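One structure is given below, encoded as structure tokens.
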Amino acid sequence: MQLPLFPEAASAIASSVDYLYFYLTAVSVVMTALIFAAVFFFAIKYRRRSEDEIPPPIHGSLKLEIAWSVLPFLVMLTFFWWGAQIFFANASPPPDAMDIYAVGKQWMWKIQYPEGQREINELHVPINRPIKITLASEDVIHSFFIPAFRVKHDVVPGRYDIMWFTATKPGRYHLFCAEYCGTEHSGMVGWVTVMTENDYENWLAGNGTEGTMAQQGERLFGQLGCATCHQLDQQGRGPILRGVYGSRIQLQNGQTVLADDAYIRESILNPNARLVAGYRTDVMPTFQGQITEEQLLQLIVYVKSLAIQGAPPVSEQPAAAAGGAQPPNQPPTTGEKK
Amino acid sequence: MADTHSTVAEHAEHSPHLRHHFDDMAQQFDSATLGMWVFLLTEIMFFGGMFGAYTVYRAMYPGAFASTSQFMNPFYGALNTAVLIVSSLTMALAVRAARLGEQKALQLFLVFTMIFGTAFLVIKGFEYHEHWVDMKVPIIGGHWDYSEFPQFARQAQIMFCFYFFMTGFHALHMVVGLGLMTTIFIMARRGTFSSSYFTPVEVSGLYWHFVDIVWIFLFPLLYLIGRTKKLI
Amino acid sequence: MSTVLQDPRAVETPNYLNQEYGWKSWLFTKDHKRIAVLYIISITAMFFIGGIFASLIRVELLTPQGDLVNSDTYNKFFTMHGIVMVFFFLIPSIPATLGNFFVPMMIGAKDLAFPRINLLSWYIYIAGAAFALAAIVLGGVDTGWTFYTPFSSTYSNTFVITAAVGVFIAGFSSILTGLNFIVTVHKMRAPGMTWGRLPLFVWANYATSLIQVLGTPVVAITLALVGLERAFHIGIFDPAIGGDPILFQHMFWFYSHPAVYIMILPGMGVISELVTCFSRKGIFGYPFVAGSSLGIAIIGFLVWGHHMFVTGMSMYASLYFSLLSFLVAVPSAIKVFNWTATMFRGSISFDTPMLYAFGFIGLFTIGGLTGLFLATLGVDVHVTDTYFVVAHFHYVMVGGMVLAYLGGMHFWWPKISGRLYPEGWAKFACLLVFAGFNLTFFPQFILGYLGQPRRYHAYAPEFQVLNVMSTAGASILGLGYIIPLIYFLWSMKYGPKAGNNPWRAKGLEWETTSPPPTFNFEKTPIVTEEAYAYHNQKETHVG
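Protein chains in written order, with the working numbering: chain A, 39 to 376; chain B, 425 to 656; chain C, 156 to 698.
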């Protein structure tokens, strides 16, 4: 009969979260013990001995009030500070983090790797590498929770959410959906498997035959007719997409925007929302309802792969096997768009 | 300052309108007006929630929201604003008449207030009809077409929903206000009010002014955005 | 105190209970005391309905698999447990029952400022409860009491609108109660009853009323928007049409966080009354305890984002909400310290109300401290949406609020009913509640840190032992609730008669008969001393 009392710590931040937790617990135990002891002690020492006794009136003490307001608040500030530190440190993934994509839908997690592997309710990651998970929802709000890593992030429909971690201990760990999402919310669970580098390479090589995400995206690009207007190297009816990802785009309304995952997604689903300057409205059709979140991610990875000037088209590159690193984003040359 | 009103024998000495849990009419009047102010505070929070949500979406979709003002009728809106402001004037005059015990003036001004209030609702009715004809009613069976600005269709739908909710709840409050006025009018006809007892008139006046003020905020927000400079 | 059983009607002075008989005299009453009794009955009924759902949840969770009921049914259980307990028990409870009964008496008034509005607010409560019960009986609602979109606005196939309408209506009951209390406290204090002499129970209800009046309308409009979205598919909260589901959460929690202070503040007011009476001593630090109620009410409006740290909210917003959440803990801590200090050199007796007060102080301390864990950003990411949160809020709501309610009911029962409850059984039940409560909810802190998420029908098998402990505790807790129900009812016929002041307490409500006359006081009292002036008590009252 198992009686676990404390979760495994399997990520780089897990132990710092745990130390903070222990600190909070220690202070709480001390405070609770003090109050319990005081109440207990006073109750006994000052128990009523006669019906007629009249205790002396003690109105209060300003010094005491200030002391027991300010001192606890100062202690709380240490909680705040330490907690904020961990929170901030964990907010942005390092630039060389490995990308994995997770789509939550009622009631399963669909994981995609850039190299093309797909899993349902299973996530395989190599040890000691920062992993950045891009989260998307097909329907309602979910939450991606790996207790052993002490990470959790809500998955909100209509946008992308990012979380990241570095796994530090091989093993199999729970993955839970942590935001109530309907009937099988408690069935939306899975496993995260942390492997050594070698094992991970082997696993990658043995799985996934549909091509990399970028290749899948390229196929979609053709199937959905995107290529009709968005040509690779010459101006068509729509902006050239090579080099777009990661650049700043001038919009019709005068503002500029960073062409990140969210912008590309929005451009596919709601093209007129933030239109590139110089292009007419209502020319690009919307693909809302015709494309799943997974397919959107494939297209984004494809567009991302178009970042390098003069590099051969993606389908001519060998299917990436080792490491799964994407071509790094490079700032595009100017004069590209319009 | 010991109270001597609590025994039945002294009952005949004070106004028949004094409720028994109060010490005197002054306390009753003060309580009633404070009560109405607190109630209006809750109404501010109620409308405030809608204004807040509206503001969030306006910040998210400025172009779409600006485009919607083309489909509002600022003439009707301004007319309604004038109508309500005048109705607040007649309401204030009614309260004043009640304080002075001027029965005829009180009834007259109440009637005027009701006329203007009804005029407001009638004008609003014309406006809603216009929106219906223009296919700008996103609720109720989808009488909606935003082909004038297709790129804003979705967000404009949200905006028009807020338009109908906010003006709709406001109109509902106007209807309640008219009901209040009718009740007060009937009471005035019966000679209930005098310079020593006019609490319901005062309290209804506060309510009426509040409904007016909500409109003063609604009008620029819903009708006038996007009319001063081109955002699209 | 006489222990000879007497026929209740033999030598009774006229009081609010026997003044008139018949259902009309109750259903059309304007007497705040009778309205309080009407509320006691309806709120107790809703409490036990909510409790039945809790029992079903705990029985299902005895095993890791979802084998008692199917998932949809389970989801309805926890939703309806939450809706009934939050909106139909916790929010109205102390203000509508003990507050309604005693706020006017404590300030020396004959009634609340607006007695008919008071009755209306009960009818509105009943109407709201009818909708909520209709939602249950028609087939239930499964969105969670938090109604998160787009699940509630688009995806759920249950009676969301019916339930939302019930909550919407109940909100007006809450607003009217708050409005009534505010005007009453401002305008109807007896001569000499200055703000600085008000009993702390009145301060607590006043602060609560401010929150009720300012916060409830926001949840009203939020739920109205969800209902309209559900009915007309507009897109306010549906991202597919341009809406923002997180906007719903901001609007919802803007009310629902202050709402938890609506739930706890009146309980804190009760504890102030109990600790002073059963230490026979004035409160230590009166201005600080009174002021802290206002402080909690105000700061409580500024912290709602701490429910949303993992939603992707801006980092700076998260920092702000975390800091303010620590700040709001300070006034609560001040109260705990002041209650403890009140006992110093007091004359402590161990009657049941005081035992509940002890329980409150201990359990609220634990609940409040675990709130600090949740305010701490780095830890919250791990424990939010897990059983850690469930344990935290049950510690403050049950270990705090329900214990305060039971303590207050026992304290004022003699005044309300004119009867004494059986002290031996009461102490026993109090012990069961305390022990059962801790066994139910302490293991849930551990489960939460281990990672068991909330609202899970089936859970990972290694969590079973802790879940079984929790269910065992729940059965003891349930027994602890049922026993007082039985003996309170029993005492109405067979309990010994209570005199005016069986506890020898200070407070205007104790200076009149038990039960009080309809108009509360023969003559309006004139107040000349501060609250809890126990050192002025000279005579020994008998019963």
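The beta-carbon is built from N, C-alpha and C at its ideal position, and this holds for glycine as well. Being a predicted model, the structure only gives us computed values, none of them experimental.
Quiz item: How long is the line joining the alpha carbons of M559 of chain B and R385 of chain C, rounded to whole angstroms?
Solution: When rounded, the distance between both Cα atoms is 21 Å.
Quiz item: Taking 8 Å as the CB-CB cut-off, is M538 of chain B touching chain C?
Solution: No, its Cβ sits nowhere closer than 8 Å to a Cβ of chain C.
Quiz item: Does the Cβ of G579 of chain C have 16 or more other Cβ atoms within 10 Å, making it buried, or fewer, making it exposed?
Solution: Result: exposed.
Exercise. Would you check if the distance between the CB atom of P569 of chain C and the CB atom of A653 of chain C is smaller than 8 Å?
Key: In contact: P569 of chain C and A653 of chain C (Cβ atoms closer than 8 Å).
Quiz prompt | Whole-Å CB distance - V462 of chain B paired with L334 of chain C, under 8 Å assumed | solution = That belief holds up - the Cβ atoms of V462 of chain B and L334 of chain C are roughly 5 Å apart, short of 8 Å.
Quiz item: If the cut is a Cβ gap below 8 Å, which residues of chain A does Y441 of chain C touch?
Solution: Neighbours of Y441 of chain C on chain A, chain order: H97 and G98.
Quiz prompt | Residue burial classification, M425 of chain C (beta-carbon count within 10 angstroms, cutoff 16) | solution = The residue asked about is misnamed: residue 425 of chain C is Val in this sequence, not Met. Counting Cβ neighbours within 10 Å, V425 of chain C comes out buried, since at least 16 surround it.
Quiz item: Residues of chain C with a CB under 7 Å from the CB of L43 of chain A: which are they?
Solution: At a beta-carbon threshold of 7 Å, the residues of chain C lying near L43 of chain A are I601, ordered along the chain.
Exercise. Look at P250 of chain C and F323 of chain C and say whether their C-beta atoms are less than 8 Å apart.
Key: No, they are not a contact pair.
Quiz item: How about Q575 of chain B: is its C-beta nearer than 8 Å to some C-beta of chain A?
Solution: Yes, contact with chain A.
Quiz item: Where DSSP assigns a beta bridge to I138 of chain A, which residues make up the other side?
Solution: DSSP output for I138 of chain A lists A:I171 as bridge partner(s).
Quiz item: For A450 of chain B, does the count of other Cβ atoms within 10 angstroms reach 16, so buried, or fall short, so exposed?
Solution: Around the beta-carbon of A450 of chain B, fewer than 16 other beta-carbon atoms lie within 10 Å, marking it exposed.
Self-check item: Rounded straight-line distance, which links the Cα of L524 of chain B to that of D427 of chain B
Solution: At D427 of chain B, the pLDDT of 39 sits below 50, so the modelled position is not reliable and the matter cannot be decided from this model.
Practice problem: List the residues that DSSP assigns as beta-bridge partners of F296 of chain A. | Solution: Per the sequence shown, residue 296 of chain A should be read as Leu rather than Phe. Beta-bridge pairing links L296 of chain A to A:R286.
Exercise. Keeping to the same chain, check which residues put their C-beta closer than 7 Å to that of T301 of chain C; ignore five residues upstream and five downstream.
Key: Excluding sequence neighbours, T301 of chain C sits near F407.
Quiz prompt | Own chain residues within Cβ distance below 8 Å of E222 of chain A, not counting five before or after | solution = The beta carbon of E222 of chain A sits closer than 8 Å to those of Q144 and W145, all from its chain and outside the five residues before and after it, given in chain order.
Quiz item: Residues in the segment 462–492 of chain B with C-beta within 7 Å of chain A's C-beta atoms, listed in sequence order?
Solution: The segment 462–492 of chain B vs chain A, Cβ under 7 Å: G487.
Quiz item: Taking Cβ-Cβ distances shorter than 9 Å, what residues in chain E pair up with M423 of chain C?
Solution: Protein chains A, B and C are contained in the structure displayed, whereas chain E is not.
Practice problem: For G459 of chain B, decide whether its Cβ has a neighbour in chain C, counting only Cβ atoms nearer than 8 Å. | Solution: So yes, G459 of chain B belongs to the interface.
Quiz item: Should the segment 275–294 of chain C be called in touch with the segment 349–369 of chain C, which here means at least 3 C-beta pairs below 8 Å?
Solution: Cβ pair count under 8 Å is below three, so no.
Self-check item: Classification of S353 of chain A by the beta-carbon crowding that lies within 10 angstroms, buried from 16 upward
Solution: With a pLDDT of only 48 at S353 of chain A, under 50, the local geometry of the prediction cannot be trusted, and no value is derived from it.
Quiz item: Counting pairs of Cβ atoms below 8 Å between the segment 328–347 of chain A and the segment 229–242 of chain A, do you hit three or more?
Solution: Contact between the segment 328–347 of chain A and the segment 229–242 of chain A is absent: fewer than three C-beta pairs spanning the two stretches fall below 8 Å.
Exercise. Would you please verify whether the beta carbon of Q527 of chain B is less than 8 Å from any beta carbon of chain C?
Key: At a cut-off of 8 Å, the C-beta of Q527 of chain B has no neighbouring C-beta in chain C.
Quiz item: What does Q150 of chain A pair with, by DSSP beta-bridge criteria?
Solution: Note: Q150 of chain A sits in a beta bridge opposite A:Y139 and A:R156.
Practice problem: Since I believe P508 of chain C is in contact with F566 of chain C (beta carbons under 8 Å), could you give me their beta-carbon distance rounded to a whole number of angstroms? | Solution: F566 of chain C to P508 of chain C, Cβ: 4 Å. Contact.
Practice problem: State yes or no: is the beta carbon of D454 of chain B nearer than 8 Å to at least one beta carbon in chain C? | Solution: With 8 Å as the cut-off, D454 of chain B counts as an interface residue toward chain C.
Quiz item: Is any beta-carbon of chain B found at less than 8 Å from that of D320 of chain A?
Solution: Yes, D320 of chain A counts as interfacial toward chain B.
Self-check item: Nearest-angstrom Cβ-Cβ length linking A522 of chain B and F617 of chain B, presumed shorter than 8 Å
Solution: The pair is a contact, with the Cβ atoms about 5 Å apart (cut-off 8 Å).
Quiz item: Which residue from A:N159, A:W119, A:E46 and A:Q269 puts its Cα closest to that of H537 of chain C?
Solution: When the alpha-carbon of H537 of chain C is set against those of A:N159, A:W119, A:E46 and A:Q269, the nearest one is in A:E46.
Quiz prompt | Length at least 3, wholly inside the segment 463–526 of chain B: the beta strand (DSSP E) runs in chain order | solution = Counting whole runs of 3 or more residues, the segment 463–526 of chain B contains no beta strand (DSSP E) stretch at all.
Exercise. List the residues that DSSP assigns as beta-bridge partners of V561 of chain B.
Key: Beta-bridge pairing links V561 of chain B to B:H567.
Practice problem: List the residues of chain B whose Cβ lies closer than 9 Å to the Cβ of F286 of chain C, in chain order. | Solution: Residues of chain B passing the Cβ test: none, with the nearest at roughly 19 Å.
Quiz item: Helix, strand or coil: how does DSSP classify S311 of chain C here?
Solution: In the structure shown, S311 of chain C sits in coil (DSSP, three-state: anything other than H, G, I, E or B).
Quiz item: What is the rounded straight-line gap between the Cα of L253 of chain C and the Cα of N310 of chain A?
Solution: Answer to the nearest angstrom: the Cα atoms are 59 Å apart.
Quiz item: Tell me the DSSP bridge mates of G209 of chain A?
Solution: G209 of chain A is bridged to A:V232.
Self-check item: Backbone secondary structure at K661 of chain C - three-state DSSP
Solution: Coil at K661 of chain C, not helix or strand.
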